[in-house]
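**Student:**
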Amino acid sequence: MTATAESTRKQRRSSKKPRRSDRTKAEIRLGWLLAGPAFFVMLAVTAYPIAQATFDSLFSFRLTAPDERSFVFLDNYILLFSDGLFWRIFGVTLLITVVTVAVELVLGFALALVMHRALKSLRGALRTAILVPYGIITVVSAFAWYYMFDINSGFVNNWFSWVPGIDSDLDWFSNFGTAITVIMASEIWKTTPFIALLLLAGLAQVPDELVEAARVDGATKVQQFTRVIIPNMKAAIMVAVLFRALDAFRIFDNVFIMTGGDANTEVLALLAYRQSISRLEIGLGSAVSVVLFICVLLLCLLAVKGFRVDLASGTDSSGGKKQGGK
Amino acid sequence: MKARSAGAAAAAAVLLLSGCGGQDEVPTLTWYINPDDGGQEALAEKCTEEADGAYRIQTSLLPMDAPAQREQLARRLAAGDSSLDIMSIDPPFIPELATPGFLAPVPEDVAERTTEDTLEGALAGAMWGDELVTVPFWANTQLLWYRESVVEEAGLDMDEPVTWDEIMDVAAEQDKYLGVQGIRAESMTVWVNALVESQDESILVDPSASADELETNLDSEAGARAASIMSRIGQEGLGGPGVASMDENQSMLLFQRENGSFMVNWPFVWPATLGAADEGSIDADIPDDIGWTLYPRVDADTPTAPPLGGINLGVGAESEHPELAYEAIECIVTPENQAEYFVTNGNPPSSESAFDDPTVEEEFPMADVIRESLDMAAPRPQTPFYNEISESIQGRFTPLSGVDEDTTPARTDSYIMEVLRGERLL
Chain R
126 MTATAESTRK QRRSSKKPRR SDRTKAEIRL GWLLAGPAFF VMLAVTAYPI
176 AQATFDSLFS FRLTAPDERS FVFLDNYILL FSDGLFWRIF GVTLLITVVT
226 VAVELVLGFA LALVMHRALK SLRGALRTAI LVPYGIITVV SAFAWYYMFD
276 INSGFVNNWF SWVPGIDSDL DWFSNFGTAI TVIMASEIWK TTPFIALLLL
326 AGLAQVPDEL VEAARVDGAT KVQQFTRVII PNMKAAIMVA VLFRALDAFR
376 IFDNVFIMTG GDANTEVLAL LAYRQSISRL EIGLGSAVSV VLFICVLLLC
426 LLAVKGFRVD LASGTDSSGG KKQGGK
Chain G
73 MKARSAGAAA AAAVLLLSGC GGQDEVPTLT WYINPDDGGQ EALAEKCTEE
123 ADGAYRIQTS LLPMDAPAQR EQLARRLAAG DSSLDIMSID PPFIPELATP
173 GFLAPVPEDV AERTTEDTLE GALAGAMWGD ELVTVPFWAN TQLLWYRESV
223 VEEAGLDMDE PVTWDEIMDV AAEQDKYLGV QGIRAESMTV WVNALVESQD
273 ESILVDPSAS ADELETNLDS EAGARAASIM SRIGQEGLGG PGVASMDENQ
323 SMLLFQRENG SFMVNWPFVW PATLGAADEG SIDADIPDDI GWTLYPRVDA
373 DTPTAPPLGG INLGVGAESE HPELAYEAIE CIVTPENQAE YFVTNGNPPS
423 SESAFDDPTV EEEFPMADVI RESLDMAAPR PQTPFYNEIS ESIQGRFTPL
473 SGVDEDTTPA RTDSYIMEVL RGERLL
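Protein sequences appear in the order of chains R and G. For reference, each letter of the first sequence is one residue, going 126 to 451 in the working numbering. For reference, each letter of the second sequence is one residue, going 73 to 498 in the working numbering.
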């Protein structure tokens, strides 16, 4: 039945525009030829490991005891969810995600506005300069921040001893409050430029006429910003928040280098690393990884639903306009 | 034309084959080494030369810290990597690799020849279940280093054994710092273990027990006493303000500064301090102010059991040339080579006769104390689950100021048991 429907449609199309049908077909074939290999490679390098990890997470399997591998079904997950440590680590990861993304969004907006409005002539040079922290490898920047604040080799205690609470005896990485502050500060320093650039692109998409019209209608600066500019760059904001939230939730390097999880600063990715790499407990480690993956998926869904933006059409200006018009 | 190109191809193939074949005749042994000052590389070259074509040793570098070395070796061994001909292994991880049969058995004659005069502590670290599973290469131990000026002022007789209480009192009186490793790392387990072993007790009740039955013995008088020493250092700030991030290197730097008094540390600090004095980064007369003796006692009447470290050599079970690998190991660990390695790289020999080498005494005036210390040294808990035990101890005994002799040992015990039985996350 579908075959006949298909053929009549084909016939209809071919009777109207015979050339285009061939071209469409050829294009589709070309599309598969071009994207197909990448698609299969992606399947091999993402879908397969995910499936393998999910499978492994149902076993009690220690790499150095290969003969004692046994099927435990959901025991690894039960162990995770019933352990207070997991929830504390989950909380820390969430805290880092929320705080860094919020601060980065505010700072990034400020930077984007400065670049967009005030310094149009310098925009190119500024954009490059601003990208420098983002261009530094995270491990390298983590070491830089670590050595800056480290009590034995750092200069921060010395330079900022006039700030109340900071003196030469302050060990930043020995208690939660200070350690997590440094970790988050380094994360913010490094990725604010990324958000700023994405937002700058969003700002550039807002048509000047809209802002002009709002001004003529008597809108204040704040009203122009909240009613016209922000709604029109929703897609850009969403992309920025989504990317950063996913990144921040998977934070690893900064914590690994600076505290290694000491002072209760452990995060989910580090927990997964410690179970599978340090303890060689492949089953338990896989379970943590699967949980981390599901969290990231949920975060994605939440962001896409929350912003009610269709990414595919939302990133171009017409989509933006439509959104703004609503 | 066709024939000519075919001929050329054949000639090229013959050339290639003969080129490969020439190298293939000499089996290549890969030696996974821990980072050092190039001593293992030099030994590999030396033994390759001495083998005279029987084998060739090439080295491959492992990561910097011991746990990361373990991770890489364990992963490769579990995957059946046949390139692991010779491995430099840190002693505490030996049981974990030996239990699943990842290590090729040591032939009896090799075992006999290579352990003829091995110091007792070093030999204990190479054994698992009453069997020699690796060959001792070099052995390490911690000494008590002190500043002569501080000791003099305190009137302490360093020729007599000293106790932790004494050095803590002196540091507190003179308002100076003790060089200890307060960081949450392997060094914390080294310290806890030495404190417990120095009271003639062991952390493990029965080392050969399985994960479900393994028990630790920290909730005991010995554990409480160890905790009380660490807690006093933490609470009175005797380890300096940065004690929570103090590793071996940082504590050496602290010891070199004005408020340094005593330090427990490995012998690498001696060449490092001499080097720093030469370079001018520390006062040139500091080395003259430094003395050394055996690791402090816990009780005045019980002999000390200093920490044991070092490197043993193992052969991977999947190695294609286990006999040659053991032949090469025999070459590497000769007392002469151990002595040379000590002098050039600062890592003490595990063989007693290597200490008799005249160059050793010259470069390391404390060689006698090291030898004595190695004879008394006690290994860390020997069990395939060492990593879990060590990480639990590290977590519970840091920060030092939070250690409580009434609760910390008991909590560590129950935590280790829960982790090993799969009831808790580590």
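Glycine included, C-beta positions come from ideal geometry on N, C-alpha and C. The model shown is predicted, which means the values in this text are computed figures rather than measured ones.
With a threshold of 8 Å between beta carbons, is L175 of chain G in contact with chain R?
**Tutor:** Residue mapping note: residue 175 of chain G aligns to position 103 of the second sequence, counting from 1. No, L175 of chain G does not count as interfacial toward chain R.
**Student:** Can at least three beta-carbon pairs, one atom from the region 160-179 of chain G and one from the region 412-432 of chain G, be found at a separation below 8 Å?
**Tutor:** The answer is no - the region 412-432 of chain G does not touch the region 160-179 of chain G, with fewer than three Cβ pairs under 8 Å.
**Student:** When the Cα of G363 of chain G is compared with those of G:T345, G:R369, G:A298 and G:D350, which residue comes out closest?
**Tutor:** Here residue 363 of chain G refers to the residue found at position 291 of the second sequence. Answer by Cα proximity: G:T345.
**Student:** Under DSSP, the alpha helix (DSSP H) around W287 of chain R begins and ends at which residues?
**Tutor:** As a working note, residue 287 of chain R is residue 162 in the first sequence. No alpha helix (DSSP H) holds W287 of chain R; DSSP gives it neither H nor E.
**Student:** Is V178 of chain G near the ligand FAD, with its Cβ less than 7 Å from a heavy atom?
**Tutor:** The model depicted lacks the ligand FAD and carries no ligand whatsoever.
**Student:** Which value, in whole angstroms, describes the spacing of the CA atoms of R154 of chain R and P162 of chain R?
**Tutor:** As a working note, residue 154 of chain R is residue 29 in the first sequence. As a working note, residue 162 of chain R is residue 37 in the first sequence. When rounded, the distance between both Cα atoms is 13 Å.
**Student:** Which residues in chain G have a C-beta closer than 9 Å to the C-beta of P191 of chain R? List them in chain order.
**Tutor:** Position 66 of the first sequence holds residue 191 of chain R. What P191 of chain R touches in chain G: A150 and P172.
**Student:** By the 9 Å beta-carbon criterion, what residues does the region 401-413 of chain R contribute toward chain G?
**Tutor:** Result list: I402, S403, R404, L405, E406, L409 and V413.
**Student:** Can you list the residues of chain R that L310 of chain G reaches, using a CB-CB cut of under 8 Å?
**Tutor:** Residue mapping note: residue 310 of chain G aligns to position 238 of the second sequence, counting from 1. Those within 8 Å of L310 of chain G in chain R number zero; the least Cβ separation is about 14 Å.
**Student:** Would F211 of chain R count as contacting chain G if we go by Cβ distances under 8 Å?
**Tutor:** The residue given as residue 211 of chain R occupies position 86 in the first sequence. Interface residue, yes.
**Student:** Note down, in chain order, all residues in the region 283-305 of chain G with a beta-carbon under 9 Å from any beta-carbon belonging to chain R.
**Tutor:** Answer set for the region 283-305 of chain G: A283.
**Student:** For R496 of chain G, return the contacting residues in chain R, with the cut-off set at a CB-CB distance below 9 Å.
**Tutor:** Position 424 of the second sequence holds residue 496 of chain G. Those are L204, D208 and L210, listed as they occur along chain R.
**Student:** Could you check if P135 of chain G is buried or exposed, using at least 16 other CB atoms within 10 Å of its CB as the buried criterion?
**Tutor:** For the purposes of this step, residue 135 of chain G is taken as the residue at position 63 of the second sequence. When all chains shown are included, P135 of chain G counts as exposed.
**Student:** Since L551 of chain G contacts A244 of chain G with CB under 8 Å, what's their CB separation in whole angstroms?
**Tutor:** A question about residue 551 of chain G goes unanswered here, because the residues of chain G that appear run from 73 up to 498.
**Student:** Put R493 of chain G into one of helix, strand or coil per three-state DSSP.
**Tutor:** Counted from its first residue, the second sequence places residue 493 of chain G at position 421. It is coil, neither helix nor strand.
**Student:** Roughly how many angstroms separate the alpha carbons of S282 of chain G and N277 of chain R, rounded to a whole number?
**Tutor:** Here residue 282 of chain G refers to the residue found at position 210 when the second sequence is read from its first residue. Here residue 277 of chain R refers to the residue found at position 152 when the first sequence is read from its first residue. Using only the alpha carbons, I get a separation of about 41 Å.
**Student:** Enumerated in chain order, which unbroken segments of the alpha helix (DSSP H) with a length of 4 residues or greater are wholly contained in the region 346-416 of chain R?
**Tutor:** For the region 346-416 of chain R, whole alpha helix (DSSP H) runs of length 4 or above, ordered along the chain, are 359-374, 378-383 and 393-398.
**Student:** Looking at C-alpha atoms only, which residue of G:P375, G:Q328 and G:P378 is the closest neighbour of A356 of chain G?
**Tutor:** Numbered from its first residue, the second sequence carries residue 356 of chain G at position 284. Nearest C-alpha to A356 of chain G: G:Q328.
**Student:** If I'm right that S401 of chain R touches I407 of chain R with Cβ under 8 Å, what's the distance once you round it to whole angstroms?
**Tutor:** Here residue 401 of chain R is taken as the residue at index 276 of the first sequence, counted from 1. Here residue 407 of chain R is taken as the residue at index 282 of the first sequence, counted from 1. About 6 Å separates the two Cβ atoms, so the contact holds.
**Student:** Going by the CB atoms, is the gap between R443 of chain G and L195 of chain G shorter than 8 Å?
**Tutor:** Reading the second sequence from its first residue, position 123 is the one you call residue 195 of chain G. Reading the second sequence from its first residue, position 371 is the one you call residue 443 of chain G. No. Outside cutoff.
**Student:** With a cut-off of 8 Å on the beta carbons, I'd call L498 of chain G and A126 of chain G a contact; round off their distance for me.
**Tutor:** Position 426 of the second sequence, counted from the start, is the residue given in the question as residue 498 of chain G. Position 54 of the second sequence, counted from the start, is the residue given in the question as residue 126 of chain G. Not confirmed; about 45 Å, so no contact.
**Student:** Name the one or two DSSP bridge partners that N384 of chain G has.
**Tutor:** On the second sequence, position 312 is the one that residue 384 of chain G refers to. Paired residue(s): G:I161 and G:P208.
**Student:** One question on the structure: do Y413 of chain G and G111 of chain G come within less than 8 Å of each other, judged by their Cβ atoms?
**Tutor:** Indexing the second sequence from 1 puts residue 413 of chain G at position 341. Indexing the second sequence from 1 puts residue 111 of chain G at position 39. Yes, Cβ-Cβ distance for Y413 of chain G and G111 of chain G is below 8 Å.
**Student:** Pull up the distance between the alpha-carbon of G93 of chain G and that of V405 of chain G, whole angstroms please.
**Tutor:** For this step, residue 93 of chain G is matched to residue 21 along the second sequence. For this step, residue 405 of chain G is matched to residue 333 along the second sequence. Its pLDDT being 43, under 50, G93 of chain G is placed unreliably by the model, and the measurement read from it follows with that caveat. Each residue's alpha carbon lies about 31 Å from the other.
**Student:** Quick one: does S185 of chain R have its CB under 8 Å from some CB of chain G?
**Tutor:** Looking up residue 185 of chain R in the first sequence gives position 60. Answer yes: the Cβ-Cβ gap between S185 of chain R and chain G drops below 8 Å somewhere.
**Student:** Work out the CA separation of L424 of chain R and P258 of chain R for me, nearest whole Å.
**Tutor:** Residue numbering aside, residue 258 of chain R sits at position 133 when the first sequence is read from its first letter. Residue numbering aside, residue 424 of chain R sits at position 299 when the first sequence is read from its first letter. Looking at the two C-alpha atoms, the distance is approximately 26 Å.
**Student:** Are the C-beta of N277 of chain R and some C-beta of chain G separated by less than 8 Å?
**Tutor:** What you label residue 277 of chain R is simply residue 152 of the first sequence in a count that begins at 1. So yes, N277 of chain R belongs to the interface.
**Student:** With a threshold of 8 Å between beta carbons, is R137 of chain R in contact with chain G?
**Tutor:** In the first sequence, residue 137 of chain R corresponds to position 12, counting from 1. Bear in mind that the predicted position of R137 of chain R carries a pLDDT of just 49, short of 50, making it unreliable; the figure below should be weighed with that in mind. Judged by the 8 Å Cβ criterion, R137 of chain R is not in contact with chain G.
**Student:** Is any beta-carbon of chain G found at less than 8 Å from that of F234 of chain R?
**Tutor:** Reading the first sequence from its first residue, position 109 is the one you call residue 234 of chain R. F234 of chain R does not count as touching chain G.
**Student:** Among the candidates R:N389, R:S411 and R:L405, whose CA atom is the shortest distance from the CA of A151 of chain G?
**Tutor:** Taking the first residue of the second sequence as position 1, residue 151 of chain G is located at position 79. Comparing Cα-Cα distances from A151 of chain G to each of R:N389, R:S411 and R:L405, the minimum goes to R:L405.
**Student:** Of all Cβ atoms in chain G, is any one closer than 8 Å to the Cβ of F298 of chain R?
**Tutor:** Position 173 of the first sequence holds residue 298 of chain R. It does; some Cβ of chain G falls within 8 Å.
**Student:** Shorter than 8 Å from the beta carbon of E168 of chain G to some beta carbon of chain R?
**Tutor:** Counting from 1 along the second sequence, the entry for residue 168 of chain G is found at position 96. Cβ-Cβ to chain R under 8 Å: yes for E168 of chain G.
**Student:** Under 8 Å, Cβ to Cβ, is there at least one residue of chain G near A130 of chain R?
**Tutor:** Mapped onto the first sequence, residue 130 of chain R falls at position 5. Any reading at A130 of chain R must be qualified, since the residue scores a pLDDT of 48, below 50, and its modelled position is unreliable; no value is offered.
**Student:** Kindly list the residues whose CB is nearer than 8 Å to the CB of P481 of chain G, restricted to its own chain and excluding five residues on each side of it in sequence; keep chain order.
**Tutor:** Here the question's residue 481 of chain G lines up with position 409 in the second sequence. The residues are L290, D291, S292, G295, A296, A298 and A299.
**Student:** Considering Cα atoms alone, identify which of G:I301, G:Q307, G:S303 and G:N265 is closest to E288 of chain G.
**Tutor:** Numbered from its first residue, the second sequence carries residue 288 of chain G at position 216. Here residue 288 of chain G turns out to be Thr, not Glu, going by the sequence shown. Among G:I301, G:Q307, G:S303 and G:N265, the Cα nearest to that of T288 of chain G is on G:N265.
**Student:** Does F198 of chain R come out as helix, strand or coil in the three-state DSSP assignment?
**Tutor:** Along the first sequence, one-based indexing puts residue 198 of chain R at 73. Note: F198 of chain R maps to coil in three-state DSSP.
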